[in-house]
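Those protein sequence lines, which keep their order, are chains A and B. Residue numbers -6 to 404, in the numbering used here, belong to the letters of the first sequence in order. Residue numbers 231 to 505, in the numbering used here, belong to the letters of the second sequence in order. Even for Gly, the Cβ is constructed at its ideal location relative to N, Cα and C.
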Amino acid sequence: MATASSKTSSSDPATTNVPDASGRFGEFGRRFVPETLMHALEELTEQYQQAKQDQQFQEDLNRLLATYVGRPNPLYFAERLTEHCGGAQIYLKREDLNHTGAHKINNTVGQGLLTLRMGKERVIAETGAGQHGVATATVCARFGLQCVVYMGEEDIRRQRLNVFNMKTLGAEVRPVTSGSRTLRDATNEALRDWMSSVGDTHYIIGSVVGPHPFPMMVRDFQSVIGRETKQQCLDQVGKLPDEIVACVGGGSNSAGMFYPFIDDADVALTGVEAGGRSAEAGEHASTLTYGVKGVLHGSYSYVLQDNDGQTQDVHSISAGLDYPGVGPEHSYWKDSGRVQYHNVRDDEALQAFQTLAKLEGLLPAIESSHAIAHVLKTAAQRSPDEVIVVCLSGRGDKDVNEVARLLGQDI
Amino acid sequence: MAESTKISSVFSQLQSQGEMAFMPFITAGDPDMETTLALIRELTTRGVHLIEIGFPYSDPIADGPVIQASYTRALNAGIHVDDIFSGIESLNHDETPPLVAMVSYAIVLRLGPENFLDRAKAAGFSGLIVPDLPADVADELPQLAGSRGLDLIQLIAPTTTDERVGRILKSATGFLYCISLAGTTGVRDELPEELKGQLDSLRAKTDLPLAVGFGISRPEQVEMLRGSAHGVIVGSGIVRHLESISKDSTTADEVVNAIGEFASEMVHAVAADDR
Chain A
-6 MATASSKTSS SDPATTNVPD ASGRFGEFGR RFVPETLMHA LEELTEQYQQ AKQDQQFQED
54 LNRLLATYVG RPNPLYFAER LTEHCGGAQI YLKREDLNHT GAHKINNTVG QGLLTLRMGK
114 ERVIAETGAG QHGVATATVC ARFGLQCVVY MGEEDIRRQR LNVFNMKTLG AEVRPVTSGS
174 RTLRDATNEA LRDWMSSVGD THYIIGSVVG PHPFPMMVRD FQSVIGRETK QQCLDQVGKL
234 PDEIVACVGG GSNSAGMFYP FIDDADVALT GVEAGGRSAE AGEHASTLTY GVKGVLHGSY
294 SYVLQDNDGQ TQDVHSISAG LDYPGVGPEH SYWKDSGRVQ YHNVRDDEAL QAFQTLAKLE
354 GLLPAIESSH AIAHVLKTAA QRSPDEVIVV CLSGRGDKDV NEVARLLGQD I
Chain B
231 MAESTKISSV FSQLQSQGEM AFMPFITAGD PDMETTLALI RELTTRGVHL IEIGFPYSDP
291 IADGPVIQAS YTRALNAGIH VDDIFSGIES LNHDETPPLV AMVSYAIVLR LGPENFLDRA
351 KAAGFSGLIV PDLPADVADE LPQLAGSRGL DLIQLIAPTT TDERVGRILK SATGFLYCIS
411 LAGTTGVRDE LPEELKGQLD SLRAKTDLPL AVGFGISRPE QVEMLRGSAH GVIVGSGIVR
471 HLESISKDST TADEVVNAIG EFASEMVHAV AADDR
């Protein structure tokens, strides 16, 4: 079994030389999917490896990241937030300034180029908050690809603005009415679509989850976040940061931020999960904090499930963190001790959203607000000569309706 | 694994008579375990050759909407793995055809593979199908199942390459579950032409019986498979009936009987070579 046959014990230090050819991050990852998808995943792995070595592909990617996405985005010193917290200097990595307003487009540009390279004409995607859906629809419009986005009915209600944007960009948004009607069910539907359309369709998965090679591929495309941060820290601060903080749902912005720092043992890495309303099952989405090792969506990782192996319902104020699984590399980092994972409750995230708005003039995505909230609680424990970088993974425009509703205000 | 299992005995007997097997799928616990057991008894009486019992799972990516809805109904009604095992154990297994558990690896792994297999064996299952556990990641499960006299049935898809077929055949026992169309389970109008070619190619490579599933729902579809396949699996076409217990005012007895009538037609279709 996945556990018994693992060659890496959990106490081994984490390396960047993962996954292996079978998609293993230590004991995590691999491919637990129906036979129908296996050939496509083998083919995708090969195509991706070729693209990675192809100079033209890398040049195309870098040009689009620079001229279309707007990279590099700044590393910003949050002076008033630093003052407010009274401890370490706080810098924000401004993924919110990317085209489409979040880190998601780093991945969709890469996978969009890969779709063209593979000669496929149709793209499907799942989305929770809608950010990945918008980023996918955007890239499909740019490349002239047909686009279908699966989105849970509950999320469609919470994220109407993004639904409108996706449609404007020419994508078809298919509401998912099964199960909890959120990200997890949208992922089921997208996988199901892919099983009958795999010949002409590429599935642009939005996070570092799913079967191999997705967790590796999405991490690689998102690693531009960490690479830029590293260089900018050296240029602006003259040293590497003491700590990096990022929110974790499926875990793509955090994986992209952390990965280039894995070998820098002096840089503390902190992932922040959605603590929801409480630690009770069904009231949160803190997979690494409260989950068990199991299989979900084609990968072996920590998962929130009951004693029968049934996936548990999750709750978060944030549609983007509202997911009962997590990328296998995060599970690997957790067990190796390389990354520390904490969680932050809905009300703390809501408070952080308002604090960052008032102190820095920045409306953070409610997902990113979880990372900010953790820093609000912990920055004072560090001295003023220490540096914390927070990944501001997205902007909060999409969340204002929901935030206003929660604050009891009409807009 | 050398000695013949209940599953291989059924197939060799049918093959010696030039007949195919009819293998219905039902969901455990939809709408309740009592109905499931009544259905197994009914199908046994109707002479079906093997029954697949679906273990409801919350995230069944390998299944189509009909079976997912059935799984959701069963889970909402409170079915647990314990209830399935104890229900199946209560049957008289001298009478029933071989029972095969269709179960997600998420469930097998949560219970612990050896524990799950021990309990499946004790309950009276003859084998299992784990649709989200392709041969590449099955690791020791084929050996663990084999040492308990349980068949671990492997799937072959239209997208499966020759190289993968070779790998899959190494650990396959019981029969091969051949998916007739790329995609998930569901009811379709026509069997694809390429299917016959694929079955011919598989027959040249293995002596294992070939059962065709995914998208078969009518007795007429059986004839096309004669001479190519050794068994026919019907899932969504049967599970659809269960929906009417929850939706309409149809009683469980009526639905059990309707499924029984359909099973009789299918049993007749797989046996008849005179038409």
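7 Å Cβ cutoff, residue i in contact with chain A
i	result
residue 291 of chain B	yes
residue 414 of chain B	Residue confidence is low: residue 414 of chain B scores 48 on pLDDT, short of 50, so the model does not pin down where it sits. Its coordinate-derived value is still stated next. Yes, residue 414 of chain B lies at the interface with chain A (some Cβ there is under 7 Å from its Cβ).
residue 288 of chain B	yes
residue 301 of chain B	no
residue 340 of chain B	yes
residue 360 of chain B	no
residue 506 of chain B	As displayed, chain B neither begins before 231 nor continues past 505, which places residue 506 of chain B out of reach and without an answer.
residue 436 of chain B	no
residue 385 of chain B	yes
residue 494 of chain B	no
residue 336 of chain B	yes
residue 367 of chain B	yes
residue 278 of chain B	no
residue 442 of chain B	no
Beta carbon proximity, residue i to chain B, threshold 7 Å
i	result
residue 25 of chain A	yes
residue 32 of chain A	yes
residue 374 of chain A	no
residue 106 of chain A	no
residue 492 of chain A	Summary: the structure shown does not reach residue 492 of chain A, with chain A confined to residues -6 through 404, and so no result is reported for it.
residue 13 of chain A	no
residue 303 of chain A	yes
residue 158 of chain A	no
residue 16 of chain A	no
residue 287 of chain A	yes
residue 181 of chain A	yes
Spatial neighbours of residue i in its chain, beta-carbon cut-off 6 Å, leaving aside the 5 residues before and after
i	result
residue 246 of chain A	96, 239, 384 and 386
residue 93 of chain A	127, 128 and 131
residue 426 of chain B	458
residue 175 of chain A	145, 147, 148 and 315
Counted within 10 angstroms of its Cβ, other Cβ atoms place residue i as buried (16 or more) or exposed
i	result
residue 334 of chain B	buried
residue 51 of chain A	exposed
residue 404 of chain A	exposed
residue 358 of chain B	buried
residue 131 of chain A	buried
residue 300 of chain A	exposed
residue 55 of chain A	exposed
residue 231 of chain A	exposed
residue 391 of chain A	buried
residue 260 of chain B	buried
residue 316 of chain B	exposed
Sequence-distant residues of the same chain with beta carbon closer than 8 Å to residue i, five excluded per side
i	result
residue 471 of chain B	485, 488, 489 and 492
residue 216 of chain B	A question about residue 216 of chain B goes unanswered here, because the residues of chain B that appear run from 231 up to 505.
residue 343 of chain A	310, 359, 362, 396, 399 and 400
residue 342 of chain B	none
Contacts that residue i makes with chain C (C-beta to C-beta distance below 9 Å)
i	result
residue 364 of chain B	Protein chains A and B are contained in the structure displayed, whereas chain C is not.
Beta-carbon proximity list for residue i, same chain, < 7 Å, skipping 5 on both sides
i	result
residue 414 of chain B	Confidence is the limiting factor: at residue 414 of chain B the pLDDT is only 48, short of 50, which leaves the residue's position unreliable, though a coordinate-based value still follows. Here the set comprises 292, 293 and 294.
residue 222 of chain A	68, 86, 250 and 382
residue 374 of chain A	80
residue 497 of chain B	252, 276, 277 and 278
residue 347 of chain B	374, 375, 378 and 380
residue 282 of chain A	266, 334 and 336
residue 306 of chain A	173 and 275
residue 353 of chain A	71, 73 and 74
residue 476 of chain B	261 and 303
Any non-hydrogen atom of the ligand COA within 6 Å of residue i CB
i	result
residue 450 of chain B	Among the ligands in the structure shown, none appear at all, so the ligand COA cannot be discussed.
Quick check for students: name the residue ranges of the beta strand (DSSP E) that lie wholly in the stretch 46 to 119 of chain A, counting only runs of 3 or more.
Fully contained in the stretch 46 to 119 of chain A are the following beta strand (DSSP E) runs of length 3 or more, in chain order: 68 to 70 and 82 to 87.
Check whether the stretch 74 to 85 of chain A and the stretch 111 to 120 of chain A are in contact - that is, three or more C-beta pairs closer than 8 Å.
The stretch 74 to 85 of chain A is not in contact with the stretch 111 to 120 of chain A.
At what residue ranges does the stretch 364 to 452 of chain B contain a whole run of the alpha helix (DSSP H), taking only runs of 4 or more?
Counting only runs that start and end inside the stretch 364 to 452 of chain B, the alpha helix (DSSP H) elements of at least 4 residues fall at 371 to 376, 392 to 401 and 424 to 435.
Report the residue ranges of all alpha helix (DSSP H) runs contained in full by the stretch 192 to 222 of chain A; include only those spanning at least 4 residues, in chain order.
With a minimum length of 4 residues, the unbroken runs of alpha helix (DSSP H) contained wholly in the stretch 192 to 222 of chain A fall at 207 to 215.
Does the stretch 215 to 226 of chain A come close enough to the stretch 135 to 147 of chain A to have 3 or more Cβ pairs within less than 8 Å?
Flag = no, the stretch 215 to 226 of chain A and the stretch 135 to 147 of chain A do not touch.
Indicate whether the contact test is met: 3 or more Cβ pairs, each with one atom in the stretch 27 to 35 of chain A and one in the stretch 318 to 336 of chain A, closer than 8 Å.
The stretch 27 to 35 of chain A vs the stretch 318 to 336 of chain A: no contact.
Curious, which full-length alpha helix (DSSP H) runs of at least 4 residues does the stretch 454 to 486 of chain B contain?
Complete alpha helix (DSSP H) runs here, min 4: 466 to 477.
Do the stretch 379 to 394 of chain B and the stretch 359 to 370 of chain B meet, that is, are 3 or more Cβ pairs less than 8 Å apart?
Cβ pair count under 8 Å is three or more, so yes.
Is the number of C-beta pairs between the stretch 254 to 269 of chain A and the stretch 119 to 126 of chain A that are closer than 8 Å three or more?
These segments do not touch.
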